[in-house]
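In UniProt numbering, the protein residues as written are 1 to 299.
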Amino acid sequence: MAAQRDDMMRGMDDTTAPPDLTELDLDDVVKAFRVDPGDDLDLSDHDTRATVGWDGDKEQGKAAALAANARLEALQELLYAEGKRRVLVVLQAMDTGGKDSTIRHVFDGVNPQGVKVASFKKPTEEELAHDYLWRAHAVVPADGQITVFNRSHYEDVLVVRVHDLVPEERWRKRYGHIRDFERLLADEGTTIVKIFLHISPEEQAERLQERLDNPEKHWKFATGDLAERKRWKDYIAAFEDALSETSTDHAPWYVIPADRKWYRNLVIANILVDVLEGLDMQWPPEEEGLDDVVIPLID
């Protein structure tokens with residue numbers, strides 16, 4: 001994919017798109033998918049196969065996603081060079097929702113020196129010995145970095161609720177904790193973007209079946225996924241409450257239709273490009289006298 005992107009972008013600067021490239025209407029995307037503070041989210045109102053803001057076809061969408069990816073690569077370099085700002089991307093989804101695939105495609109070609117992925121699995125004994133936000137706070141981005149949470153601190157208002165691991169009074173208080181935690185991060189210079197990859201139960205069934213049918217994907221299949229699938233409605237209710245309670249101006253949630261992987265990648269890459277461009281980043285000042293520097297020859 002990186003070679004394909006480089007071929008397409010060769011001969012262009014980082015801010016220019018090919019003249020025949022259909023553009024995504026990001027205003028329509030944000031209006032349709034961003035969860036505004038105070039919204040009472042109903043995920044049944046969100047079409048998992050929608051292509052809002054896009055008039056092109058699938059192949060054009062893939063090409064536009066590559067162009068956005070190239071722009072994201074350039075902006076990440078600027079973020080790293082400036083070294084003053086931090087970006088946190090939170091990815092949540094149902095099982096098979098496409099978190100790994102999103103990271104792989106959206107950040108393809110981006111310098112791994114400036115991007116880190118933190119995966120949140122079942123808590124370890126050490127993590128359980130601390131408050132539930134401890135493991136998240138330990139891996140938030142440093143200056144100049146983008147950190148992607150593959151699952152996140154939101155597991156503690158999702159899984160714990162669905163499986164009744166803590167009393168309702170306790171997990172409901174966590175919405176406030178999370179809002180305060182993200183307010184702290186934002187106040188200290190972290191830009192937060194939260195993405196919910198929204199797939200249908202039919203799409204999940206197809207993806208699970210694909211893992212069963214393909215021996216090379218058996219490693220991705222766990223029988224526990226089937227047990228979790230039976231709790232689909234419980235998880236949807238948990239996601240609706242979590243997103244409604246914690247989408248804020250400084251840490252917004254976006255409900256991204258994710259049945260069509262190419263559209264998912266296109267939208268997320270463009271949202272991140274827009275966020276980074278809005279930071280008004282600047283290259284560090286150069287040393288004085290560089291015009292007079294001569295590279296010494298080696299005998």
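Note that the Cβ used here is the ideal one computed from N, Cα and C, for glycine as well.
Residue i: first and last residue of the uninterrupted alpha helix (DSSP H) it sits in
| i | result |
| --- | --- |
| Y175 | 168-187 |
| N265 | 261-277 |
| V30 | 26-33 |
| I295 | Segment: none, I295 is in no alpha helix (DSSP H) and carries neither H nor E. |
| N69 | 58-82 |
| H105 | 99-106 |
| E240 | 232-246 |
| T223 | 223-229 |
| Q282 | Segment: none, Q282 is in no alpha helix (DSSP H) and carries neither H nor E. |
Residue span of the beta strand (DSSP E) that contains residue i, given as start and end
| i | result |
| --- | --- |
| H198 | 190-198 |
| S119 | 115-119 |
| K86 | As written in the sequence, residue 86 is Arg, which differs from the Lys given in the question. Segment 86-93, the beta strand (DSSP E) holding R86. |
| W253 | 253-257 |
Nearest-angstrom beta carbon gap, residue j and residue i [assumed within contact, 8 Å]
| i | j | result |
| --- | --- | --- |
| F196 | L133 | Going by Cβ atoms, the distance from F196 to L133 rounds to 20 Å, so no, they are not a contact pair. |
| G53 | V29 | 4 Å |
| R49 | R260 | 6 Å |
Beta-carbon proximity of residue i to residue j, cut-off 9 Å
| i | j | result |
| --- | --- | --- |
| V267 | V193 | no |
| R85 | D143 | yes |
| V89 | I178 | no |
| Q76 | V110 | yes |
| A186 | A251 | yes |
| E240 | L41 | yes |
| F120 | H163 | no |
| V106 | L272 | yes |
| W283 | A81 | yes |
| A258 | A93 | yes |
| E169 | R161 | no |
| V139 | F149 | yes |
| S244 | V35 | yes |
| H218 | L226 | no |
Closest by C-alpha distance to residue i, when choosing among the options
| i | options | result |
| --- | --- | --- |
| T248 | D39, A222, P257, A65 | D39 |
| Y263 | K220, T147, V148, H198 | H198 |
| G61 | L24, D95, D36, P141 | L24 |
| L279 | G56, V35, G189 | G189 |
| A269 | A68, A63, D27 | A68 |
| S44 | Q209, R260, S200 | S200 |
| R71 | V294, R151, D108, I236 | D108 |
| T102 | R151, A32, L243, K122 | R151 |
| T223 | W171, T96, P37 | T96 |
| R174 | D100, D57, I298, T246 | T246 |
| E277 | A238, T191, V293, I295 | T191 |
### Query
Along the chain, which unbroken stretches of the beta strand (DSSP E) at least 3 residues long are found entirely within the segment 110-167?
Here the runs fully enclosed are 115-119, 146-150.
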